[in-house]
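At position 287 of the sequence shown the residue is numbered 267 (the working numbering), and the sequence of numbers has no breaks.
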Amino acid sequence: MPPKVTERQYQGQVHEQSRRLMADWTAALSRAEAERQPTAAIMISGNLVELLRALGFLPMFPEVIALQNAIRKKSLPLILKAEQAGYSADNCAYVKADIGLYLDGGMGPGTPIPFPSLIVCNYVGCNVYVKWFEHLADVSGAPLFMLDVPFLRTDAPTEADIRYVVQQLEELIALGERMTGRAFDIDRLREIVEHAARAEEGYARCKHLTKRKPAPFDAYFDAINLMGPINVLRGTPEAADFFDVAVAEFEGLAGQGLGPLSEERFRTVFEGPPPYPYYKNFRNLFTRWGAVGVQSTYSTVGGIWDWGFRHDPRRPLESVAEHMLRHNLANRSLLARYEQIKRYVEEWEADSLVIHSIKSCRLYSAGQGDMREYFTRDLGVPTLLVESDLEDPRYYAEAQLRNRIDAFFEALDHKKTVRRAAAGGEASGDENPPSGARRRAAAGGEASGDENPPSGAGRRAAAGGEASGDGNPPSGAGRPAAAGGERGATAR
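Dropping the structure here:
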């Protein structure tokens, strides 16, 4: 077993206020139809929530509703409902959970969710969005507005790209005015954009605080408490105030030298969403090794504010367009994602990269095998690649995930042990090392971290080879995850 690391009960105002804000949002959605409040469905990635607020729409996010159902273990019946209607097992699980929700009567996470009044497909990066929202429009009968956002082909969008998107935003404004009967107020949009910029500044400050050692919060698993307010509630004074509280709380923890775990043994960058149906279980697989997420790409799907972009009230429509074009994870090339992760590893002083590949999200997960090879072989960053699904619990095989994660961190721990021994320090780096680790490290042998490691996994990982996970994968639903898990875990 790895040295015992415990999770500190550090959740404070950030956790509670995020939970309350998101509960208030879902409650407002459930009341919308009775209160004749128009709603608009949009995507998280590079969204234009500020403009919809200015037009008088209550934004609704099918992805967020789907993940809230998943984390409450309510997603599988909705997915099966969509599959019974003809969706393939290989289709995006987000799509199936959302369509299944409406086919099943629209019951959201504890409250009924109405059909949207308007559907805005802010097509950014994922071509599945288009068909998803076309079907949602067909099911709901709501009008569909399709925004065509050009893919980012160079380092920055051209002026022609920005004008092209702004012209479409002006068309959306005209549609919104007709639907709500309210005239568009540019000053109201400027006010909303100013609130958004204040929230973005606070969000970025929180993310940069994880450069501290130990990091005051986990920028992957705890980032969900920040992602709701920054993505769903951006543009409201409540979201901006929330980030003032978050910055103060995390600065206080950093000042006291407190992190989410009793000991931060590994600083990890995460790529890819977590498996929401088994969120806590998945987190525990890393917590037991003292691994803390110091940065994550998933937390930037809605927007990349880490490096200075803010919505600008002086040019509100143009900055909304720039956000969709450039300043989000999904509308950029895979090479741009490589560079983003590389900066995270270097600037946040991470010692490992974990890629969680999503079975049903082919577009996002495409190329992650090459990504692993690049970071492992070209940059020398110890990299683990595992696979399950963000929404569908049938693809989560915990035994295989645990074996691979244990093998990976056993190898990392062994490398650290050998370096300490070579430097003449304590061989294990811990008063209670994994049994046998100190003796083997001192002898130059393998440190598996367990007298009885997962069959073959620890030995291969410690030797620098592939850790296959488990020689006896589960039958049925677990098999895809086990097969996907074979794609590699190397600690170099």
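All C-beta atoms, glycine included, are put in the ideal place defined by N, C-alpha and C.
* To do: Measure the Cβ-Cβ separation of residue 205 and residue 283 and say whether it is below 9 Å.
  => If you number the sequence shown from 1, residue 205 lands on position 225. If you number the sequence shown from 1, residue 283 lands on position 303. Not in contact: residue 205 and residue 283 (Cβ atoms no closer than 9 Å).
* Asked: Hey, would you say the C-beta of residue 153 is under 8 Å away from at least one heavy atom of the ligand GTP?
  -> For the ligand GTP, the structure offers nothing, since it holds no ligand at all.
* How close, in whole Å, do the beta carbons of residue 142 and residue 33 come, if the pair is a contact with beta carbons under 8 Å? -> Against the sequence shown, residue 142 aligns to sequence position 162. Against the sequence shown, residue 33 aligns to sequence position 53. With a beta-carbon spacing of about 21 Å, residue 142 and residue 33 fall beyond the 8 Å limit used to define contacts.
* To do: Please classify residue 247: does DSSP put it in a helix, a strand, or coil?
  => One-based indexing of the sequence shown puts residue 247 at position 267. It is a strand residue.
* Asked: The beta strand (DSSP E) spanning residue 101 covers which residue range?
  -> Here residue 101 corresponds to residue number 121 of the sequence shown, with the count starting at 1. Counting along the chain, the beta strand (DSSP E) containing residue 101 begins and ends at 98 to 103.
* Asked: Taking 9 Å as the CB-CB limit, is residue 228 close to chain B?
  -> No chain B is part of this structure, which consists of one protein chain only.
* To do: Drop a sphere of 10 angstroms on the beta-carbon of residue 310, count the other beta-carbons inside from all chains shown, and report buried for 16 or more, exposed for fewer.
  => Working through the sequence shown from its first residue, we reach residue 310 at position 330. A residue is called buried when at least 16 other Cβ atoms come within 10 angstroms of its Cβ; residue 310 meets this threshold and is buried.
* To do: Ignore the nearest five residues each way along the sequence and tell me which others in residue 425's own chain have a CB closer than 7 Å to its CB.
  => Position 445 of the sequence shown, counting from 1, holds the residue named residue 425. The predicted model places residue 425 with a pLDDT of 37, which falls under 50 and marks its position as unreliable, so this point remains unresolved.
* Limits of the unbroken alpha helix (DSSP H) element including residue 159 -> Here residue 159 is taken as the residue at index 179 of the sequence shown, counted from 1. Start and end: 139 to 160.
* **Other residues of its chain near residue 47: CB distance less than 6 Å, five sequence neighbours each side excluded** => Against the sequence shown, residue 47 aligns to sequence position 67. Excluding its 5 nearest sequence neighbours in each direction, residue 47 has C-beta neighbours in its own chain below 6 Å: 256, listed in chain order.
* Asked: Nearest CA to the CA of residue 385: which residue from 42, 262, 102, 163?
  -> Position 405 of the sequence shown, counting from 1, holds the residue named residue 385. Minimum Cα distance to residue 385 is reached at 262.
* 6 Å CB neighbourhood of residue 250 in its chain, flanking five on each side removed -> On the sequence shown, position 270 is the one that residue 250 refers to. A distance below 6 Å between beta-carbons, with the five flanking residues on each side excluded, links residue 250 to the following residues of its chain, in chain order: 200, 273, 276, 334.
* Asked: Touch check for the stretch 361 to 371 and the stretch 226 to 245: three-plus C-beta pairs under 8 Å?
  -> Short answer: they don't touch.
* Just checking, does the stretch 182 to 193 make contact with the stretch 284 to 293 on the three C-beta pairs under 8 Å criterion? -> Verdict: yes, contact present.
* To do: Answer yes or no: do residue 247 and residue 331 have a C-beta to C-beta separation smaller than 9 Å?
  => On the sequence shown, position 267 is the one that residue 247 refers to. On the sequence shown, position 351 is the one that residue 331 refers to. Against a cut-off of 9 Å, the Cβ pair of residue 331 and residue 247 comes out as a contact.
* Thinking C-alpha only, which one of 375, 99, 403, 135 is nearest residue 155? -> Within the sequence shown, the letter at position 175 stands for residue 155. When each option's Cα is compared against that of residue 155, the closest is 99.
* How about residue 38 and residue 17: are their beta carbons less than 9 Å apart? -> Numbered from its first residue, the sequence shown carries residue 38 at position 58. Numbered from its first residue, the sequence shown carries residue 17 at position 37. The answer is yes: Cβ separation under 9 Å.
* Please look up how many angstroms separate the CB atoms of residue 208 and residue 1, rounded, as I've assumed it's under 8 Å. => One-based indexing of the sequence shown puts residue 208 at position 228. One-based indexing of the sequence shown puts residue 1 at position 21. Indeed, because the Cβ distance is near 7 Å, the residues count as touching under 8 Å.
* Got a sec? Which residues, its chain only, sit under 7 Å from residue 114 by beta carbon, not counting five neighbours each side? -> The residue labelled residue 114 in the question sits at position 134 within the sequence shown. Once the five neighbours on either side are set aside, the close Cβ partners of residue 114 are 124.
* **Burial state of residue 19, where buried means 16 or more other Cβ atoms lie within 10 Å** => The residue labelled residue 19 in the question sits at position 39 within the sequence shown. So residue 19 counts as buried.
* Terminal residues of the continuous beta strand (DSSP E) containing residue 19? -> Within the sequence shown, the letter at position 39 stands for residue 19. Residues 19 to 21.
* Asked: Using 8 Å as the threshold, is the stretch 161 to 179 in touch with the stretch 289 to 300, meaning 3 or more CB pairs across them?
  -> The stretch 161 to 179 is in contact with the stretch 289 to 300.
* Asked: At which residues does the beta strand (DSSP E) containing residue 367 begin and terminate?
  -> By 1-based counting over the sequence shown, the position of residue 367 is 387. That run of the beta strand (DSSP E) goes 363 to 368.
* For residue 109, I'd like the list of residues in its chain whose CB is within less than 7 Å of its CB, leaving aside the five on either flank, ordered along the chain. => Translated into positions along the sequence shown, residue 109 becomes position 129. The residues are 23, 101, 103.
* Simplified DSSP assignment, three categories, for residue 273 -> Numbered from its first residue, the sequence shown carries residue 273 at position 293. DSSP places residue 273 in strand when its eight states are reduced to three.
* Asked: If you draw a straight line from the C-alpha of residue 469 to the C-alpha of residue 349, how long is it?
  -> The sequence position of residue 469 within the sequence shown is 489, counting from 1. The sequence position of residue 349 within the sequence shown is 369, counting from 1. Here residue 469 scores only 44 on pLDDT, less than 50, and its place in the model should not be relied on; the value that follows carries that caveat. In this structure, the straight-line span from the alpha carbon of residue 469 to that of residue 349 is close to 10 Å.
* Among all the DSSP beta bridges, which residues are the ones paired with residue 333? -> Position 353 of the sequence shown, counting from 1, holds the residue named residue 333. According to DSSP, residue 333 bridges with 249, 363.
* Within 9 Å, strictly: CB atoms of residue 94 and residue 9 -> The residue you call residue 94 lines up with position 114 of the sequence shown. The residue you call residue 9 lines up with position 29 of the sequence shown. By the CB criterion at 9 Å, residue 94 and residue 9 fall inside the cutoff.
* **Nearest to residue 271 (by Cα), restricted to the options 43, 41, -1, 243** => Here residue 271 refers to the residue found at position 291 when the sequence shown is read from its first residue. Ranked by Cα distance from residue 271, the first of 43, 41, -1, 243 is 243.
* **Inter-residue spacing [alpha-carbon to alpha-carbon] between residue 239 and residue -7** => Residue numbering aside, residue 239 sits at position 259 when the sequence shown is read from its first letter. Residue numbering aside, residue -7 sits at position 13 when the sequence shown is read from its first letter. Distance from the CA atom of residue 239 to the CA atom of residue -7, rounded to whole angstroms, is 15 Å.
* Residues that residue 127 bridges to, as DSSP identifies them -> Working through the sequence shown from its first residue, we reach residue 127 at position 147. In the DSSP output, where bridge partners are listed per residue, residue 127 has 102.
* If you count every other CB in all the chains shown that lies within 10 Å of the CB of residue 134, and 16 or more means buried, which is it? -> In the sequence shown, residue 134 corresponds to position 154, counting from 1. Per the 10 Å Cβ criterion, exposed.
* Asked: DSSP state of residue -13, grouped into three classes?
  -> Translated into the one-based positions of the sequence shown, residue -13 becomes position 7. In this structure, residue -13 counts as strand in the three-state DSSP scheme.
* **Integer-rounded CB distance, given that residue 338 should sit under 8 Å from residue 370** => As a first step, residue 370 is located in the sequence shown; it is residue number 390 there, counting from the start. As a first step, residue 338 is located in the sequence shown; it is residue number 358 there, counting from the start. Right, their Cβ atoms sit about 5 Å apart.
* Asked: Going by Cα to Cα distance, which pick from -2, -14, -12, 268 is closest to residue 222?
  -> To locate residue 222, count along the sequence shown from 1; it is residue 242. Nearest of -2, -14, -12, 268 to residue 222, Cα basis: -2.
* Keeping to the same chain, check which residues put their C-beta closer than 6 Å to that of residue 328; ignore five residues upstream and five downstream. => Numbered from its first residue, the sequence shown carries residue 328 at position 348. These residues qualify, in order along the chain: 191, 274, 275.
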